[in-house]
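Residue numbers (the numbering used here): 801 to 871.
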């Protein structure tokens, strides 16, 4: 993974951490998903936070399954 991609993923994760709105968090997951397989760890990290809603966590799990199904 290139340095630029890593920096962009870190930036998106920061946006996820700073918002408590499920809509913003699912949007961040969608943005991360665009990075494909290299974003799976980042998505896993953010959906495993203790204060994430079940809706967002389940959405993140679905996105991970979709990414893994494409590879």
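Quick reminder that beta carbons are idealized off the backbone N, C-alpha and C, glycines included.
So residue 832 packs on residue 812, CB below 8 angstroms; how close in whole Å? So it is a contact: roughly 5 angstroms between Cβ atoms.
What residue range is occupied by the uninterrupted alpha helix (DSSP H) comprising residue 805? For residue 805, the enclosing alpha helix (DSSP H) covers residues 803-817.
Could you check which residue in 867, 821, 802 has the C-alpha nearest to that of residue 843? When the alpha-carbon of residue 843 is set against those of 867, 821, 802, the nearest one is in 867.
Nearest-angstrom beta carbon gap, residue 847 and residue 860 [assumed within contact, 8 angstroms]: Correct: roughly 4 angstroms between the Cβ atoms.
According to DSSP, is residue 835 helix, strand or coil? For residue 835, the secondary structure class from DSSP, reduced to helix, strand or coil, is coil.
Counting along the chain, where does the alpha helix (DSSP H) carrying residue 858 start and finish? Per DSSP, residue 858 belongs to the alpha helix (DSSP H) from 854-870.
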